[in-house]
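Enquirer: To convert, note that position 83 of the sequence shown is 83 in full-length UniProt numbering; the numbers rise steadily by one, no gaps. Cβ atoms here follow ideal geometry from the backbone N, Cα and C, with glycine treated the same way.
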Amino acid sequence: EVRCCSDKDLKGGWTKVDSCAVWGASELGNPEDTKGCYHAETYSSAASICTSKGARLCTIDELLNDCTKWTGCNHDFDYVWSSSPVSDYYIGCGGQHTNCSNKKLAASPITTHEVRCCSDKDLKGGWTKVDSCAVWGASELGNPEDTKGCYHAE
1 EVRCCSDKDL KGGWTKVDSC AVWGASELGN PEDTKGCYHA ETYSSAASIC
51 TSKGARLCTI DELLNDCTKW TGCNHDFDYV WSSSPVSDYY IGCGGQHTNC
101 SNKKLAASPI TTHEVRCCSD KDLKGGWTKV DSCAVWGASE LGNPEDTKGC
151 YHAE
């Protein structure tokens with residue numbers, strides 16, 4: 001979804017919350033939507049839409065501080081692109097037949113998760129390769145504190 005911010009009042013539908021320094025808008029003139037909303041856009045597309053309006057993507061803090069609330073399109077209930085880069089890494093489900101609710105998530109590098117390693121070549125001694133994959137993997141990596149040598153929530 002797309003919601004834009006501006007450091008100045010661009011008039012015509014831009015609103016400002018008293019506690020914030022920016023104006024926000026969600027109804028941005030999409031001719032394919034009756035309210036002019038943009039849904040399901042890529043980051044690049046969202047940034048271009050805001051730039052074309054003389055605005056920018058909002059920062060994550062501006063979004064989380066409700067600086068753009070009630071600006072339309074029901075985006076108060078959606079994930080909206082921000083301009084804030086992330087320094088997270090993806091964590092992925094360890095296998096296809098698991099209880100993971102999401103196949104992948106962004107996680108901060110300081111949170112703890114299990115360890116599974118990959119190698120472009122067979123390192124022998126417990127490394128396995130699935131026929132449909134180009135890499136070998138291992139989870140039993142020699143942790144002396146675990147009976148199988150696994151690292152949990154590291």
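(1) Looking at the secondary structure, which residues open and close the beta strand (DSSP E) in which residue 6 lies?
(2) Please confirm if the region 103 to 122 is in contact with the region 51 to 67, defined as three or more CB-CB distances below 8 Å between the two stretches.
(3) Taking 6 Å as the limit between beta carbons, can you name the residues of its chain near residue 75, skipping five residues before and five after?
(4) Have a look at 100, 67, 90 and flag the residue whose alpha-carbon is nearest the alpha-carbon of residue 109.
(5) Quick one: give me the first and last residue of the beta strand (DSSP E) that residue 50 is part of.
(6) According to the Cβ coordinates, are residue 22 and residue 5 closer than 7 Å?
(7) Would you kindly check if the distance between the Cβ of residue 59 and the Cβ of residue 82 is under 7 Å?
(8) Per DSSP, what are the beta-bridge partners of residue 140 in this structure?
Expert: On the basis of the data shown:
(1) 4 to 6
(2) no
(3) 1, 3, 26
(4) 90
(5) It is not in any beta strand (DSSP E) - residue 50 instead sits in the alpha helix (DSSP H) that spans 43 to 52.
(6) yes
(7) yes
(8) 150
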